[in-house]
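Trainee: If you read the sequence shown in our numbering, its first letter stands for residue 50, the second for the next number, and so on.
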Amino acid sequence: TPISPDGIRLPTAVGADRLESVRATKAILQDEASQIAVRFVMPAEGRQIAELGAGGGGKTLALADLMKASGQIYAFDSDARRLEETRRRAREAKVTNLQCHRLPRFGEKRVMMLARFAGLMDRVFVDAPCSGSGTWRRHPDVKWRLDAERLAELVETQKRMLGEALALAGPEETARVVYVTCSLLPEENEDVVAAVLAEHPGWRLLDYRDLLDAAGLPEIADSAALPPQCLQLTPARHGTDGLFVAVLVPESLEGEG
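1) Kindly give me the distance between the Cβ atoms of Ile-85 and Ser-53, rounded to whole angstroms, as I take these residues to be in contact under 8 Å.
2) With C-beta atoms as the reference, is Leu-217 less than 7 Å away from Phe-155?
3) Taking 6 Å as the line, does the beta carbon of Glu-205 fall inside it for any heavy atom of the ligand GTP?
4) Along the chain, where does the beta strand (DSSP E) containing Leu-147 start, and where does it finish?
5) In chain order, what residues of the same chain have a beta carbon less than 7 Å from the beta carbon of Lys-320, not counting five sequence neighbours either side?
6) Roughly how many angstroms lie between the CA atoms of Ala-73 and Leu-275, to the nearest whole one?
7) The alpha helix (DSSP H) with Ile-85 in it runs from where to where?
8) Using the C-alpha atoms, what's the distance from Cys-179 back to Gln-207?
9) Please identify the residue among Arg-159, Asp-262, Glu-239, Glu-100 whose C-alpha is closest to the C-alpha of Ser-272.
10) Can you tell me whether Met-161 is buried or exposed, with buried defined as 16 or more other CB within 10 angstroms of its CB?
11) Going by DSSP, what residues sit across from Glu-100 in a beta bridge?
12) Output the boundary residues of the beta strand (DSSP E) element that contains Ala-295.
13) Quick test of your reading: Val-229 and Phe-293, contact by CB under 8 Å. State the CB separation rounded to the nearest angstrom.
14) Exposed or buried, Gln-97, counting other C-beta atoms within 10 Å across all chains shown (16 or more means buried)?
15) Could you work out which residue in Arg-194, Ile-77, Ala-113 is closest to Val-90 when comparing CA atoms only?
16) Taking Leu-255 as part of the beta strand (DSSP E), name the residues at either end of that continuous run.
17) Look at the alpha carbon of Leu-255 and the alpha carbon of Asp-290, and state the distance between them as a whole number of angstroms.
18) For Val-308, which residues in the same chain have their Cβ closer than 8 Å to its Cβ, ignoring the five residues on either side in sequence?
19) With DSSP as the reference, label Thr-230 as helix, strand or coil.
20) Measuring CA to CA, which of Thr-184, Glu-300, Arg-225, Gln-281 is closest to Ala-247?
21) Do Thr-184 and Cys-231 have their C-beta atoms within less than 7 Å of each other?
22) Between the region 128 to 138 and the region 50 to 66, are three or more C-beta pairs nearer than 8 Å?
23) Start and end of the beta strand (DSSP E) containing Leu-282?
24) Which residue's Cα is closest to the Cα of Ala-99: Ala-177, Met-170, Arg-88, Gly-106?
25) Less than 7 Å between the beta carbons of Ala-142 and Leu-115, yes or no?
26) Could you give the residue range of the alpha helix (DSSP H) that holds Gly-212?
27) Quick check on DSSP: helix, strand or coil for Arg-258?
28) Quick one: what does DSSP say Arg-131 is sitting in, helix, strand or coil?
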């Protein structure tokens, strides 16, 4: 694929069920934007990584592949059905360093469950629920399900999850939080990051452009995000789904973390 070093683009349309590699979970179907996002975690071997919003496990499997069966991935989600899908896919892919945890959507039980992992995660990957506006080219019907009330609910959830991620991250010298949405809307992206950083002055943005070499990625030009430290992929500019990435580290951490 043009940007991701992990992707293969077939020259013609082929049904996934006809590919032996996909049936055996040796390969997964995934938009290039998602492959790119996972690389900003830089899941080096031996690290402890939390994923908030693991969903059906596509990005979880990508993280596991980069970790080479070392360290540990803690996949959190509130949807039991989707989390079971993550477990199934992980078994088929022979992933051995994954723990799946079902989180309550709200409330004291959620707080207490996450508190067990506070300050213990080298990396936290937030795959936040969102409007899905970045996928409208493939799922145009989704836009008709979005209204102002639903968007406001999503934004509050995104802020809460990003705040939870900051609490999970540590120790300081390895702490990094990667916030991702498949949205093109600044309300879910730049605005959420700005609001959470204002409430957590001990954290700052890293410029994604300074991380590309270490993440094994080529130059990615023409990000549509403001501020420019964040990455906004778009179908028009990059040929991918619309996807937003912001990388946060402790203010006291020098360099790239």
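Even glycine gets a Cβ: it sits at the ideal position worked out from N, Cα and C.
Mentor: Result, derived from the coordinates:
1) Contact between Ile-85 and Ser-53 holds: their C-beta atoms lie close to 5 Å from each other, under 8 Å.
2) No. Outside cutoff.
3) The model depicted lacks the ligand GTP and carries no ligand whatsoever.
4) Where Leu-147 is concerned, the enclosing beta strand (DSSP E) stretches over 147 to 151.
5) Because residue 320 is not part of the residues shown, which for the chain are 50 to 306, the question remains open.
6) Distance between the alpha carbons of Ala-73 and Leu-275: 41 Å.
7) According to the DSSP assignment, Ile-85 belongs to the alpha helix (DSSP H) that extends over 81 to 88.
8) Gln-207 and Cys-179 have their C-alpha atoms spaced approximately 8 Å apart.
9) Looking at the Cα atoms, Glu-239 is the closest of the given residues.
10) It is exposed - the Cβ of Met-161 has fewer than 16 other Cβ atoms within 10 Å.
11) DSSP, once it has assigned bridges, lists Ala-124, Phe-174 as partnering Glu-100.
12) Counting along the chain, the beta strand (DSSP E) containing Ala-295 begins and ends at 292 to 299.
13) For a cut-off of 8 Å, the C-beta gap from Val-229 to Phe-293 is around 7 Å, short enough to register as a contact.
14) With 16 or more other Cβ atoms inside 10 Å of its own Cβ, Gln-97 counts as buried.
15) With distances taken between Cα atoms, Val-90 lies closest to Ala-113.
16) Leu-255 -> beta strand (DSSP E) spans 252 to 255.
17) If you take the alpha carbons of Leu-255 and Asp-290, they lie about 23 Å apart.
18) Residue coverage of the chain in this structure runs from 50 to 306, which leaves residue 308 outside it and unanswerable.
19) Thr-230 falls in the strand class under three-state DSSP.
20) Per the Cα distances, Glu-300.
21) Closer than 7 Å, so yes.
22) Judged by Cβ distances under 8 Å, the region 128 to 138 makes no contact with the region 50 to 66, as fewer than three pairs qualify.
23) First-last of the beta strand (DSSP E) with Leu-282: 280 to 282.
24) Looking at the Cα atoms, Met-170 is the closest of the given residues.
25) No.
26) From DSSP, the alpha helix (DSSP H) with Gly-212 extends over 197 to 217.
27) Helix, per DSSP.
28) Three-state DSSP puts Arg-131 in a helix.
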